[in-house]
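In this text, residue positions in the sequence shown follow this note's numbering: the first is 14, and each later residue adds one.
C-beta atoms are modelled at their ideal positions from N, C-alpha and C, and glycine is treated no differently.
Here the structure is laid out as structure tokens; the discussion comes afterwards.
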Amino acid sequence: MTTLKKIRILIVFYMVALVTAGVTAFPVECELNLLCSIFSIDPDTINQMKENSIQPLFSWLYEVKVGITETNAKYPYLAYGFDWLAYAHLMIAALFVGPYRDPIKNKWVIYWGMFACVSIFPLAFICGPIRSIPFFWTLVDCSFGLFGIIPLWYCTKLIRQYEKEVDANE
């Protein structure tokens, strides 16, 4: 497999991940209802768990479900923020078309993506406590930065290799 093909596969993978993250932001209330239904997350189940290791997660998910449901019923225009979150993910995914087409000329997009991944950490650790986000959920948010940077970092290595190949052929 050529270096260019490897680069493009990584970029397509990254774009698909961004689109998936974006599209799933639209139906957040339905997703939370489905999740709570599948795992039978309700006040009775949570109370019966009694200090089970998964109990804090179930409590948090139920609280978020109730918050989203009540907010959407009373103030539906606040859900517009999720629409913009989804839109941002879709537009960021579109940005990666540049390095897909010409990885050398547009490698700055890959570096920008790596910067965005690293920037998740201060945002999560500063805003998480301000917004009363549980620490374990802050770590979940940080995982997107941690796991997101890995394919981008590998992509930068491949782009450097591809640059050498192009220079050698000129």
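Residue i to residue j, Cα distance in whole Å?
i: G80; j: K87; result: 11 Å
i: F149; j: Y113; result: 35 Å
i: M14; j: E176; result: 16 Å
i: W2; j: P56; result: Look at the range of the chain in this structure, 14 to 183, and you will see that residue 2 is not part of it.
i: K118; j: A101; result: 23 Å
i: S132; j: I123; result: 14 Å
i: I172; j: T37; result: 31 Å
Let me make sure I understand the geometry here. Which of the options has the alpha-carbon closest to that of residue i?
i: L159; options: R144, A137, E176, I146; result: A137
i: W73; options: I59, G161, N85, G35; result: I59
i: A34; options: E64, D57, A99, P56; result: A99
i: C43; options: I22, V25, E83; result: E83
Name the two residues that bound the continuous alpha helix (DSSP H) containing residue i.
i: P112; result: 110-114
i: R173; result: 148-182
i: M192; result: No information on residue 192 is available, as it lies outside the stretch 14 to 183 that the chain covers here.
Indicate, with yes or no, if the ligand SAM has a heavy atom lying under 6 Å from the CB of residue i.
i: D55; result: Ligands are entirely absent from the displayed structure, and the ligand SAM is therefore not among its contents.
Nearest chain B C-beta to residue i closer than 7 Å, yes or no?
i: E178; result: Here there is only one protein chain, and chain B is not present.
Jot down the residue ranges of each uninterrupted alpha helix (DSSP H) in the stretch 18-91, minimum 4 residues, whole runs only, in chain order.
-> 41-51, 56-62, 68-87
For the stretch 104-112 and the stretch 25-33, state whether three or more C-beta atom pairs, one from each stretch, are separated by less than 8 Å.
-> As far as the Cβ criterion goes, the stretch 104-112 touches the stretch 25-33, which means the pair count is three or higher.
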